[in-house]
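Be aware that the sequence shown starts at 1, since it is given in the UniProt record's numbering, and climbs by one per residue.
Cβ coordinates follow ideal geometry from the N, Cα and C atoms, glycine included.
A quick note: this is a predicted structure, and the numbers were derived from the prediction, not measured.
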Amino acid sequence: MKVCGKQACVYQPPLQCNDVASRHRADADAVGKVHHRASDEKKELIALHKVGRIDRSGVFTARLRGTCSTRDGRTQLLIQRAEATLADDVRAIAQQNSSGSSTKLFRKLKTLLGGLKLLSESGYAHHDLSPDNIMRMPDGRYVLVDFGNMIKLSDVFSRRNVYLRATYPYNPPEYKLFAGKTKNDITKNYLGSGWTGLFDVDLLDEPWLASWRRPTAELMSMASSKTDVFAFGALLLWISAQLPNGKGSRFRMAGRFMAVMNPEVRPDFNRSLEIMS
């Protein structure tokens, strides 16, 4: 099987490696990832080594088993194989009649949120959460994959106008909240008067694509935990939209808490974990 994206192709089973030792790693429950550009390959390889030091036991991330050279001379990353994507599991749960599966999924995603908190406390954000970048392992855990867009939290505000990534392949219902609203309406009525002049909504159909022009210390500290929190909230809203009535209520409640910017609530990892308890 071969699945290609903008930055790389993933192979299961992996492409054949040149050396014998790498062939063994490639055969042992791994998938192969080959990047289109050497710069993207280097960036993700560095990120995976950093993540390996943060998550030494492999609790919330898929492990890098090694690299190898393929027969055509390309470098292949050998990454721990998963069984299914979160998107696959959500579709399966939506077709079931029992609410037990959605309850288990909710609990497992709370564990993953704890992993994102650990990543944040180490100074990084995954920065590309989506239903296809969260995978279920053979033991039932959900882990993060695809760290090619991981960033340092200190870099989020390194420039005057910073683009917070939110180009996710799904649109939660909360997008409709901002339909037809001007930037001034959003800033005044939804983000609070304290944000006026600091917050600029560039795309009204994706309201948390935003940039702080002159970040204060308070806003910087808030953003240090929010880059992944908001994305996780959007993910929960997407799940709630896929599930029949009665199954998605807890996902919707937690997702709204995390995804809708409200200066009075100021959601962070600790509060988000509490609401998922």
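Coil, strand or helix - residue i by DSSP
{"i": "A38", "result": "helix"}
{"i": "Q80", "result": "strand"}
{"i": "A87", "result": "helix"}
{"i": "L273", "result": "helix"}
{"i": "R165", "result": "Below a pLDDT of 50, predicted positions are generally treated as unreliable, and R165, at 34, falls in that range; the measurement from the model is reported next regardless. It is coil, neither helix nor strand."}
{"i": "residue 314", "result": "A question about residue 314 goes unanswered here, because the residues of the chain that appear run from 1 up to 277."}
{"i": "A100", "result": "The identity of residue 100 in the sequence shown is Gly, whereas the question assumes Ala. DSSP places G100 in helix when its eight states are reduced to three."}
{"i": "G32", "result": "strand"}
{"i": "L191", "result": "Confidence at L191 is low in this model, with a pLDDT of 40, below 50, so the placement of that residue should be treated as unreliable; the coordinate-derived value is given next. In this structure, L191 counts as coil in the three-state DSSP scheme."}
{"i": "I239", "result": "helix"}
{"i": "Q16", "result": "coil"}
Expected contact under 8 Å - CB spacing of residue i and residue j to nearest Å
{"i": "F257", "j": "I275", "result": "5 Å"}
{"i": "I79", "j": "A94", "result": "Rounded, the Cβ-Cβ distance is 28 Å, inconsistent with contact."}
{"i": "K110", "j": "L236", "result": "No, K110 and L236 are not in contact; Cβ-Cβ is about 10 Å, not under 8 Å."}
{"i": "V51", "j": "F147", "result": "6 Å"}
{"i": "F232", "j": "K117", "result": "The pair is not a contact, with the Cβ atoms about 10 Å apart (cut-off 8 Å)."}
Residue nearest to residue i in terms of C-alpha spacing, selected from the options
{"i": "S72", "options": "C17, M135, S122", "result": "Note on identity: in this sequence residue 72 is Asp, with Ser being the wrong assignment. The shortest Cα separation from D72 among C17, M135, S122 belongs to C17."}
{"i": "A125", "options": "K2, A254, L48, L105", "result": "L48"}
{"i": "S137", "options": "L236, G58, V34", "result": "The sequence shown places Met at residue 137, not Ser. Closest option to M137, Cα to Cα, is G58."}
{"i": "L243", "options": "P14, I46, F106, Q7", "result": "F106"}
{"i": "T103", "options": "S69, A8, N270, K247", "result": "K247"}
{"i": "K152", "options": "H127, D55, R141, A82", "result": "H127"}
{"i": "S277", "options": "G140, R91, K108", "result": "K108"}
Residue i - partner residues in DSSP beta bridges
{"i": "L64", "result": "I79"}
{"i": "T111", "result": "Looking at the DSSP assignment, T111 forms no beta bridge with any residue, so it has no partner."}
{"i": "L48", "result": "DSSP output for L48 lists no bridge partner at all."}
{"i": "V3", "result": "V10"}
{"i": "L144", "result": "T61, I134"}
{"i": "S69", "result": "T75"}
{"i": "I151", "result": "A125"}
Residue i, enclosing alpha helix (DSSP H) - first and last residue
{"i": "L243", "result": "Looking at the DSSP string, L243 is not in any alpha helix (DSSP H), and its letter there is neither H nor E."}
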